[in-house]
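S.K.: Take this structure first; my questions come after.
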Amino acid sequence: MARLVVIGGVAGGASAAGRAKRLDPDLDVVVYERGEVTSYAACGLPYLVGDQMFDADDLVARTPQELRDAGLDVRVAHEVVGIDPDARTVEVRDLVGGRSFTDGFDDLLIATGAAPIRPPLDGVDSPGILGIRSIPDAATIDAVIRERAPERAVVVGGGYIGIEMAEAFVERGLAVTMIELRDAPMATLDADMGGRVADAIRDLGVDLRLGTSVEGFTTADDWVAAVATGDGELPADLVMMGLGMRPSVALAEGAGIAIGPSGAIDTDARMATRTEGVWAAGDCVESLHRISHQPVSIALGTHANKQGRVAGTNIAGGAARFPGVIGTAITRVGSTEIARTGLNETEAHQAGFATVAATAEGLTRARYYPGAQDLAVKVVAERGTGRMLGAQIVGGPEAGKRIDVLALAVWHGMGVEEFSMLDLSYAPPMAPVWETSMIAARLTAQAATAPAAK
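In our numbering, the protein residues as written are 371 to 824.
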């Protein structure tokens, strides 16, 4: 009987294991997960901390027992600490029993995910400086808030994690300061759109410090007490590191498995690594960006689940391919929704495109219909051809999911002129006659065909 060993039992790992077992019921599948929880929605963790009317159990798609009932040998609190591709074995440590053992495989799926970035600053490992990656992390943060009753939180970083955790702390009654090194939050947006996000962060009551560096941390009574910045010291009862995620590739790298230029595991479209019989999926792998044609590392559950499904299909003898990514993402701060897809202007220039861009402001409903919310849509296109390269949205409720139509256009290489005349739905309670995205595309189309400035 062929044996598949899966390292990691969350999104990519659980998806690959389940898919392979469904397609090949005779396949022996063992999943090693160093935590206690499998197949959970990590993207919901900030909202769990923010006390958003659901429990940690609601984030779990399939428990270890449910995966076992599906025929998988799932072993939680088991950490794989070494891989020998030549011997086709892994070294496993039982974190509860304290023993170590070796297990063999015919195929190996690496789904080690990503870990919060923690720069080497003085005092960065002090108690009270927290990160969020897992349900236990969320439980730790919740316990700190309940037991220590902190009054002041400092969030380091103004990206997705930083923004979502800042809002969670505000909801829990803390005074929040956010520190961001750049001149605008949300580096995946252009600075003009990031400025709109900055306004929304401040409207939430957060003290946003832009263009500010973090130099270290000080403690008192064995707990973080302040954050040292380029602009002085900020008192803190707890600190959240929200600097993004880095692929967890040490295990793969130690086994000689190729790491790509993005810093994540190099795979082909089948999710196979360059090492025979070794596959990878999820936040630890790099993907091909369909617009820039460059390898990128983007940690999102949407990609992880698809990649796991592709890997599981191929491991079981099927044929599937992961087609790449375009960086579509969405979040919110307060009532302001933030979304993006494709390349922003900076990314497009780095990829070698000559670009044009235009921003249109509009409403989510007909102007006369109650509840209409402001939104701004920015479209980036290739000069001359008018091919849509990317788009960004910042606006009120119901604005953000409009990014999906733009993502479809970017995915298929649609031109902005064509997009501006799409047959989109209209009714006063849901949309204006002219969708703001269509207006932005029209403005971009006019600029795309105009002579370049000399």
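Heads up, the beta-carbon is just placed ideally off N, CA and C, and yes, glycines get one too.
Using the beta-carbon count (16 or more within 10 Å), is Asp673 buried or exposed?
M.R.: The sequence given here has His at residue 673, not Asp. Label assigned to His673: buried.
S.K.: Using 8 Å for Cβ pairs, my map puts Gln762 next to Leu580. What's the rounded Cβ distance?
M.R.: Not really, about 18 Å apart at Cβ, beyond 8 Å.
S.K.: Just grab the DSSP bridge partners of His448 for me.
M.R.: Asp464
S.K.: Span of the alpha helix (DSSP H) holding Gly564?
M.R.: 561-573
S.K.: Under 9 Å between the Cβ atoms of Ala561 and Gly528?
M.R.: no
S.K.: Less than 9 Å between the beta carbons of Val376 and Ala484, yes or no?
M.R.: With respect to the 9 Å criterion, Val376 and Ala484 are not classified as neighbours on the basis of their beta carbons.
S.K.: Give me the DSSP bridge partner(s) of Gly722.
M.R.: Answer is none; Gly722 lacks a bridge partner.
S.K.: Which value, in whole angstroms, describes the spacing of the CA atoms of Thr814 and Leu437?
M.R.: 49 Å
S.K.: So with Cβ pairs under 9 Å, would you call Val400 a contact of chain B?
M.R.: Among the chains of the structure shown, chain B does not appear; only one protein chain is present.
S.K.: Find the nearest neighbour of Asp421 within the set Ala810, Ile515, Thr645, judged by alpha-carbon distance.
M.R.: Ile515
S.K.: When DSSP labels each residue in this structure, what does Gln762 get in the three-state scheme?
M.R.: strand
S.K.: Nearest-angstrom Cα distance between Ala721 and Asp473?
M.R.: Cα to Cα, Ala721 sits roughly 44 Å from Asp473.
S.K.: Quick check on this structure: which residue in Ala387, Gly378, Trp593 has the alpha carbon closest to the alpha carbon of Asp495?
M.R.: Trp593
S.K.: Starting from the Cα of His719, find the closest Cα among Phe692, Asp456, Ser662, Ala622 and give me that residue.
M.R.: The shortest C-alpha separation from His719 is found at Ser662.
S.K.: Give the DSSP bridge partners of Ala746, in chain order.
M.R.: Glu731, Val764
S.K.: Could you give the distance in angstroms between the alpha-carbon of Ile499 and the alpha-carbon of Asp492?
M.R.: 12 Å
S.K.: Taking the continuous beta strand (DSSP E) assigned at Leu479, which residues delimit it?
M.R.: Element bounds for Leu479: 477-480.
S.K.: According to DSSP, is Thr698 part of a helix, a strand, or is it coil?
M.R.: coil
S.K.: So, for Glu805: in the same chain, excluding its five sequence neighbours on each side, which residues have a beta-carbon less than 6 Å away from its beta-carbon?
M.R.: Leu794
S.K.: Sorted by chain position, which residues of the same chain lie with C-beta nearer than 8 Å to Asp443's C-beta, five sequence neighbours on each side aside?
M.R.: Asp398, Val399, Val400, Val401
S.K.: Output the distance between the C-alpha atoms of Arg691 and Ser385, rounded to the nearest integer angstrom.
M.R.: 15 Å
S.K.: Tell me the DSSP secondary structure of His782 in three-state form.
M.R.: coil
S.K.: According to the neighbour-count rule (16 or more other Cβ atoms, all chains shown, within 10 Å of its Cβ), is Tyr530 buried or exposed?
M.R.: buried
S.K.: Pull up the distance between the alpha-carbon of Tyr739 and that of Ile708, whole angstroms please.
M.R.: 23 Å
S.K.: Spatial neighbours of Ala817 within its chain, please: CB distance less than 7 Å, with the 5 preceding and 5 following residues excluded, ordered by chain position.
M.R.: Closer than 7 Å at the Cβ level, and outside the excluded window around Ala817, lie Val726, Ala728.
S.K.: Could you give the residue range of the alpha helix (DSSP H) that holds Val540?
M.R.: 530-541
S.K.: Gly694 to Leu658, Cα distance in whole Å?
M.R.: 5 Å
S.K.: Check Ala513 in the structure and name its three-state DSSP category.
M.R.: Correct three-state label for Ala513: helix.
S.K.: In this structure, what does DSSP give as the bridge partners for Gly652?
M.R.: Paired residues: none, contrary to the question.
S.K.: With distance defined between alpha-carbon atoms, name the residue in Ile571, Leu544, Gly543, Val540 nearest to Ala554.
M.R.: Ile571
S.K.: Expressed to the nearest angstrom, what Euclidean distance is found between the alpha-carbon atoms of Val380 and Gly602?
M.R.: 41 Å
S.K.: For Leu393, I'd like the list of residues in its chain whose CB is within less than 8 Å of its CB, leaving aside the five on either flank, ordered along the chain.
M.R.: Gly682, Thr683, Ala686, Gly687, Gly688
S.K.: For Pro434, does the count of other Cβ atoms within 10 angstroms reach 16, so buried, or fall short, so exposed?
M.R.: buried
S.K.: On the three-pair Cβ rule with 8 Å, is the segment 424-432 touching the segment 402-411?
M.R.: The answer is yes - the segment 402-411 touches the segment 424-432, with three or more Cβ pairs under 8 Å.
S.K.: Take His448 as the anchor and find which of Gly378, Thr459, Ile511, Gly441 has the nearest alpha-carbon.
M.R.: Gly378
S.K.: Val540 and Leu574 - do their beta-carbons sit closer together than 9 Å?
M.R.: yes
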